[in-house]
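The sequence shown begins at 1338 in my numbering and counts up by one. So the structure is just underneath, and the comments pick up after that.
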Amino acid sequence: MRSDVISPATYFVMTLVVGALIAVSMAVPSTPRQSIRIPFDEYVPTALLAIAVVGAGASVSTIGGYFFCEKIAMLEEIDGWYYLAAYALPLCIVTATAQRQIFVIIPAAALLFGDLFVGFRAGAAMSLVAIALLFGQPAIENRRLRAPLLLALAATGAMMLIFPQVAYTIKHVVAGLCPIETATARPPFEQVAALAAHMNTPTPYIDAIFQSEPFVIQAVLNAVVNNEFATESTYLINQLLTAIPGAETIFGIALSPISFNSLYQPALFPEVPYGMANTPWAQAFAAGGPVMVAVFAAAYAAVLSALAWIFNASSGALKAMIAVVTAWFAFYFHRNDLLAEIGIIKQVLYTSVGAFIVAAFMWGVVYVVKRR
């Protein structure tokens, strides 16, 4: 829709972020590799698969044909059961991969492909990033594996960017199953033929890059900096308070958090008819200029260093789950504001704790049966 030159001030903001990461990385001492392992380790992937299946089944029963609708219409019907399955699946895939449990990986991967079909890439992306965290370092150090691994990662990343082009056509092909039929349906063979012709041109591959979320995020930050867009900083406290488990229901803390998107988009991008990606660095700049960006960046780097310490000191399913949490925080943080990121991390942690409880119960039952 628009094209802008990235200003030097925008580069300065992101230089603060990179600088904080480098400074914290150099300040934190290397962690000795230990092996914290939970006793019911092997049951965790199965517990997560059970949670994902229950969530997916309940979601399909309540949402039904809306999964075949356009994404904007579908999002209005998405329920908590879907999110339960969506956040359990990356944890399941990665823990099962770490444990080499093929019997769990196959059904979990099938559910993950279903998530891709309905239009969400985040679960698949976080699974791939977490698996790369688990196995990437040894592979990179192996000269024979280095080139194939980097090519595979590049190809997978490209596929994740191009996938919306395919998903959009698939949704049109199945539009007849949508209760409200938001898509203008053409015969399936015409849709597939049009997609094949489109994919044989350079357009979808160029659009996949220049219309992707990273460029939207850059545009938001650049617009905030160039227009000196400013917000109050007090609303950040309300966003941070949502991190407290049971803040409203248990502790009676009155919360009315607002997203950064609802503040900047009407002012800077009023012509965009759909919600845009947030960015914490634009949020920080709007709330307090470069000083607030430095505070955000230091906190971000500190949390990453803590996650790295726990990751290096753990093994098995616990290490795999930390890898997933790290992927959501290290990678996905850049396209969210504090409110959205806190919500995601809370759901991932709640799902992990739930899986630990179920796995511990399964382990206890097996232990009692064996004793008898």
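C-beta atoms are modelled at their ideal positions from N, C-alpha and C, and glycine is treated no differently.
Below 8 Å between beta carbons: does that hold for residue i and residue j?
i     : j     : result
L1426 : L1453 : no
A1462 : M1497 : yes
L1470 : A1664 : yes
V1350 : V1562 : yes
I1442 : I1430 : yes
I1694 : V1662 : no
R1374 : S1652 : yes
N1615 : F1597 : yes
By how many angstroms is the C-alpha of residue j removed from the C-alpha of residue i?
i     : j     : result
F1500 : A1639 : 34 Å
G1580 : G1680 : According to the sequence shown, residue 1580 is Ala rather than Gly. Whole-angstrom Cα-Cα distance: 7 Å.
V1455 : L1558 : 29 Å
L1415 : T1538 : Note on identity: in this sequence residue 1415 is Ile, with Leu being the wrong assignment. Cα-Cα distance, rounded: 34 Å.
Y1780 : E1527 : This structure cannot speak to residue 1780, because the chain is shown only from 1338 to 1709.
A1623 : A1410 : 31 Å
P1475 : A1692 : 28 Å
D1544 : F1377 : 47 Å
V1361 : T1347 : 22 Å
A1567 : K1656 : 40 Å
A1446 : F1440 : 11 Å
P1594 : Y1572 : 7 Å
F1325 : I1590 : Outside the modelled stretch of the chain, which goes from 1338 to 1709, sits residue 1325, for which no answer is possible.
A1634 : E1585 : 28 Å
Alpha carbons only, please: which of the options is nearest the one belonging to residue i?
i     : options                    : result
S1340 : T1399, I1554, V1685, A1657 : I1554
P1617 : M1536, A1423, L1353, P1345 : L1353
A1314 : C1515, P1539, V1503        : Here the chain covers residues 1338 to 1709 and nothing more, so residue 1314 does not appear.
C1515 : A1650, Y1380, A1677, K1408 : K1408
G1451 : Y1419, G1691, I1439        : Y1419
F1405 : K1508, A1631, Y1572, I1595 : K1508
I1396 : F1670, G1417, A1624        : Checking the displayed sequence, the identity of residue 1396 turns out to be Ser instead of Ile. Comparing Cα-Cα distances from S1396 to each of F1670, G1417, A1624, the minimum goes to G1417.
T1493 : A1584, L1465, N1479, F1472 : L1465
Y1424 : I1595, A1697, Q1684        : Q1684
Y1403 : A1512, Y1601, F1648        : A1512
S1372 : Q1436, I1647, T1383, F1606 : I1647
Checking the sheet assignment: what are the DSSP bridge partners for residue i?
i     : result
I1373 : S1651
| said: Just to confirm the assignment: which complete beta strand (DSSP E) runs, minimum length 3, are found wholly within the segment 1558–1609? | reply: Considered as a whole, the segment 1558–1609 harbours no complete run of any beta strand (DSSP E) with no fewer than 3 residues.
| field | Segments assigned alpha helix (DSSP H), at least 4 residues, entirely inside the segment 1391–1461 | value | 1408–1412, 1417–1436, 1439–1455, all fully within the segment 1391–1461.
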